[in-house]
Amino acid sequence: MSRYDSRSGDPTSYRDRKSDSGFGVTGYGGSGRSSSSKKDYDGAESPRKFDLDGLTPFEKNFYVESPEVERMSEKEVEEYRQRREITIEGRDVPKPIKSFRDTGFPEYVLEEVTKAGFVEPTPIQAQGWPMALKGRDLIGIAETGSGKTLAYLLPAIVHVNAQPILSPGDGPIVLVLAPTRELAVQIQQEATKFGSSSKIKSTCIYGGVPKGPQVRDLQRGVEIVIATPGRLIDMIESHHTNLRRVTYLVLDEADRMLDMGFDPQIRKIVSQIRPDRQTLYWSATWPKEVEQLARQFLYNPYKVIIGSPDLKANHAIRQIVDIITENQKYNKLVKLLEDIMDGSRILIFMDTKKGCDQITRQLRMDGWPALSIHGDKSQAERDWVLSEFKAGKSPIMTATDVAARGLDVKDVKFVINYDFPGSLEDYVHRIGRTGRAGAKGTAYTFFTAANARFAKELIALLEEAGQKVSPELAAMGRGAPPPPSGQLVWTLEKIFLDTSWWFSRSRSGLWWRSSVELIHDDLGYGNDIVFCSENRKNLTEPLHQPGPARPVNSEFNGGMETTEYTQPYHSRLLFGLTRKTFE
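Numbering (this note's numbering), first residue to last: 7 to 589.
So, in structure tokens, the structure goes:
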């Protein structure tokens, strides 16, 4: 029997273990005083005084180093962490484990891990499991697809098995908060798979579906609840459950929950949970808002970062960014699908629900097997679309950002950002739907002039991942707006010249041409410098108005008919030297 398993009777059944003490209804729980203690985020004694009167003690430190891990020298530990890009913070940090056997997980858990086909722990699991099993609060920061879900679920199963069994009216022991319905359902599937052997029950609480089945699950008693914040608060206020028994709290995709405005709901939920709980705080990014929330909810935590704390993309994903116009997007998408469609799953991201439905409708009219998923669809329809996509019956799925976080669909070979997202963090999470669990993937992104403000950060992200940056994107990163056709537009200089000029009217538009070409040559720009008429007001500072124009000649030059007009225009001209190409 595992050193973590304090069960008596049937060694495979959590439910056959007898409770040492009951839980009352006063305060957070029953009688007694908790044996656990909390410290604040920086490691000092917390200034907040916990009222632990009436709380039943609970065990949360289950970690015992295996002989193999114990034999690792400090140098070996440091080399292992460097090789797997593990950065740690905190006091008394345990050594990382190298194999699943080093964790000492119960055999029934290890059997499920073996069945799932895992060869070795991922970096977040190698360092996160010993941290979580020691019972301390934990901050885990790692890219999507890194195995964070199992990093907190397997210690949660160990934690549940060490607690007294639920009594009638008790709420869950483990609470996992997730930002979206899809992520919550996925977590619950993993909890069911790995917890079934010890008969640990779990349920998923989320909006958009009838409450009845969820209420029945809660009334029957479940050890693990995975929930979105809004529906959980509804259940608590309706007295269908309570959080008095929660001793293991997980906030998954904390950055996304804050992005979605769940801050007040999270605070309300956490205020219902006993203060000496163990809290695990998981995020793919570490913005200031996420850090501030962590400082309020966690005490004396470990912190583990996989890779750089700065925003970065999965290096297993090939990233291709195409500079195009809005009108070119659909034709570009169809051409791309013709090139890459081989039966593999393709996920296409849109910014809006309306756009998602429109593009899906157009794709289906053109014969492409596409379905869409977004927040306005019923949960039943979303579940059906997701199941069709996972089964490969509909290999193309369009989605809003509802599908960008945490969804684990095997064999998504291509991700297409039809619309660029509103932040680089969302970009990283979108493309993270491919290249998961060690697989390779490709992400295509349509980038327009409206997205130019993200160019510099996107270039840094691409360069960090060793990806090629196109000249067009590089120009946008330097502050040059893109041409409608996707070609390089601007080289901007401010020069005061005394000159005269004429303008030309051609089939491709109205151009202002300078008559001082030698000066342009001296500047290194050559004779192809042109001045677009649409920018005339910004480019010229005339001292007097030009006289009437008169036609001089008409010629056929380079396949384009041009009629020239002369206009004496002696002025001090502010030149914006521009290389311009129209569609």
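Note that the Cβ used here is the ideal one computed from N, Cα and C, for glycine as well.
So is I307 buried or exposed if we call it buried at 16+ other beta carbons inside 10 Å? Numbered from 1 along the sequence shown, position 301 holds the residue referred to as residue 307. Strictly speaking, residue 307 in this sequence is Pro, with Ile absent from that position. Flag for P307 reads buried.
With distance defined between alpha-carbon atoms, name the residue in A162, I92, E394 nearest to P112. Locating residue 112 in the sequence shown gives position 106, where the first residue counts as 1. Nearest C-alpha to P112: A162.
Taking contact to mean at least 3 C-beta pairs separated by less than 8 angstroms, is the region 157-173 in contact with the region 231-250? no
Output the boundary residues of the beta strand (DSSP E) element that contains M403. Here residue 403 corresponds to residue number 397 of the sequence shown, with the count starting at 1. First-last of the beta strand (DSSP E) with M403: 402-405.
Sort out for me which residues DSSP pairs N423 with in a bridge. Indexing the sequence shown from 1 puts residue 423 at position 417. Paired residues: F355, T451.
Backbone secondary structure at T233 - three-state DSSP: Counted from its first residue, the sequence shown places residue 233 at position 227. One point to set straight first is that residue 233 is Ala, not Thr, in the sequence displayed. Strand.
Simplified DSSP state of E126, which is helix, strand or coil: The residue given as residue 126 occupies position 120 in the sequence shown. Here E126 sits in coil by DSSP.
Using only CA atoms, which one of L189, I311, I206 lies nearest to G96? Your numbering for residue 96 matches position 90 in the sequence shown. Out of L189, I311, I206, I311 has the C-alpha closest to the C-alpha of G96.
Cβ separation of I329 and I437, assumed to be a contact under 8 angstroms, to the nearest whole Å: As a working mapping, residue 329 is identified with position 323 in the sequence shown. As a working mapping, residue 437 is identified with position 431 in the sequence shown. Actually they do not touch by this definition, with Cβ atoms about 17 angstroms apart.
Less than 7 angstroms between C-beta atoms, sequence neighbours within five positions excluded: which residues of the same chain meet that for V215? Counting from one through the sequence shown, the residue named residue 215 turns up at place 209. Contacts found: Q385.
Smallest Cα separation from Y450: which of W390, G381, M356? Looking up residue 450 in the sequence shown gives position 444. It is M356 whose Cα lies nearest to the Cα of Y450.
For the alpha helix (DSSP H) that contains T93, what are its first and last residues? Here the question's residue 93 lines up with position 87 in the sequence shown. Run containing T93: none in the alpha helix (DSSP H); it sits in the beta strand (DSSP E), 92-95.
Indicate whether A184 and E295 have their beta-carbon atoms separated by less than 8 angstroms. In the sequence shown, counting from the first residue as 1, residue 184 sits at position 178. In the sequence shown, counting from the first residue as 1, residue 295 sits at position 289. Result no, Cβ atoms of A184 and E295 do not sit closer than 8 angstroms.
Can you confirm whether the region 136-153 touches the region 279-290 when touching is taken to mean that 3 or more C-beta pairs between the two stretches lie within less than 8 angstroms? yes
Specify the secondary structure class of V256 as computed by DSSP and reduced to three states. As a working note, residue 256 is residue 250 in the sequence shown. Strand.
Between D265, G227, G441, which lies nearest to R251 when the distance is taken from Cα to Cα? Your numbering for residue 251 matches position 245 in the sequence shown. Ranking D265, G227, G441 by Cα distance to R251 puts G227 first.
Bridge partner(s) assigned by DSSP for L183: Your numbering for residue 183 matches position 177 in the sequence shown. According to DSSP, L183 bridges with A233, L257.
Which full runs of the beta strand (DSSP E) of 3+ residues lie inside the region 352-393, going along the chain? 376-379
Can the beta-carbon of I130 be found less than 8 angstroms from the beta-carbon of G151? Position 124 of the sequence shown, counted from the start, is the residue given in the question as residue 130. Position 145 of the sequence shown, counted from the start, is the residue given in the question as residue 151. No, these two residues do not count as a Cβ contact at 8 angstroms.
Leaving aside the five residues before and after L224 along the sequence, list all residues of the same chain whose C-beta is less than 6 angstroms from its C-beta, in chain order. Reading the sequence shown from its first residue, position 218 is the one you call residue 224. Contacts found: H246, T247.
Locate the beta strand (DSSP E) running through D328, then write down its first and last residues. Mapped onto the sequence shown, residue 328 falls at position 322. Where D328 is concerned, the enclosing beta strand (DSSP E) stretches over 323-329.
Is DSSP giving Y69 helix, strand or coil here? Your numbering for residue 69 matches position 63 in the sequence shown. Residue state, collapsed to three classes: coil.
Residues near A300 by beta carbon distance below 8 angstroms, same chain, minus five either side: Counting from one through the sequence shown, the residue named residue 300 turns up at place 294. Excluding residues within five positions, the ones whose Cβ falls inside 8 angstroms are Y47, I145, A260, Y287, P307.
Rounded to whole angstroms, what's the CA-CA distance from F597 to G483? Just pull it up for me. Here the chain covers residues 7 to 589 and nothing more, so residue 597 does not appear.
Who are I145's beta bridge partners in DSSP? The residue given as residue 145 occupies position 139 in the sequence shown. For I145, which the question treats as bridged, DSSP gives the partners Y287, K309.
Of the residues E229, E344, Q220, L353, which one's Cα is nearest the Cα of R237? Within the sequence shown, the letter at position 231 stands for residue 237. Ranking E229, E344, Q220, L353 by Cα distance to R237 puts Q220 first.
Hey, does A260 have any beta-carbon neighbour from chain C nearer than 8 angstroms? Protein chain content of the structure displayed is limited to a single chain, and chain C is not contained in it.
Can you tell me where the alpha helix (DSSP H) holding I437 begins and where it ends? Here the question's residue 437 lines up with position 431 in the sequence shown. Run containing I437: 430-437, per the alpha helix (DSSP H) assignment.
Could you tell me which of G428, E394, E387, Y158 sits nearest to R351, measuring between CA atoms? The count along the sequence shown starts at 1 and reaches residue 351 at position 345. Ranking the options by Cα distance to R351, first place goes to E394.
Kindly indicate which residue of R187, P477, P73, M241 has the alpha-carbon position closest to the one of K101. Sequence index remark: in the sequence shown, residue 101 carries index 95 (1-based). When only C-alpha atoms are compared, the closest one is P73.
Determine the burial state of E91: buried for a count of at least 16 other Cβ atoms within 10 Å of its Cβ, exposed for fewer. Counted from its first residue, the sequence shown places residue 91 at position 85. Per the 10 Å Cβ criterion, exposed.
Using the rule of at least 16 other Cβ atoms within 10 Å of the residue's Cβ for burial, across every protein chain shown, is K207 buried or exposed? By 1-based counting over the sequence shown, the position of residue 207 is 201. It is buried - the Cβ of K207 has at least 16 other Cβ atoms within 10 Å.
Close-in-space but distant-in-sequence residues of the same chain around Y424 (CB under 7 angstroms, 5 per side omitted): The sequence position of residue 424 within the sequence shown is 418, counting from 1. Counting only Cβ-Cβ distances below 7 angstroms, and skipping sequence neighbours, we find K335, L339, I354, F355, M356, I365, F452.
Excluding the 5 residues flanking V391 on each side, which residues of the same chain have their C-beta closer than 6 angstroms to its C-beta? Taking the first residue of the sequence shown as position 1, residue 391 is located at position 385. Excluding residues within five positions, the ones whose Cβ falls inside 6 angstroms are L377, I379.
Nearest residue (CA-CA) to D368, options T404, S204, G398, T291: By 1-based counting over the sequence shown, the position of residue 368 is 362. Here residue 368 turns out to be Gln, not Asp, going by the sequence shown. Ranking T404, S204, G398, T291 by Cα distance to Q368 puts T404 first.
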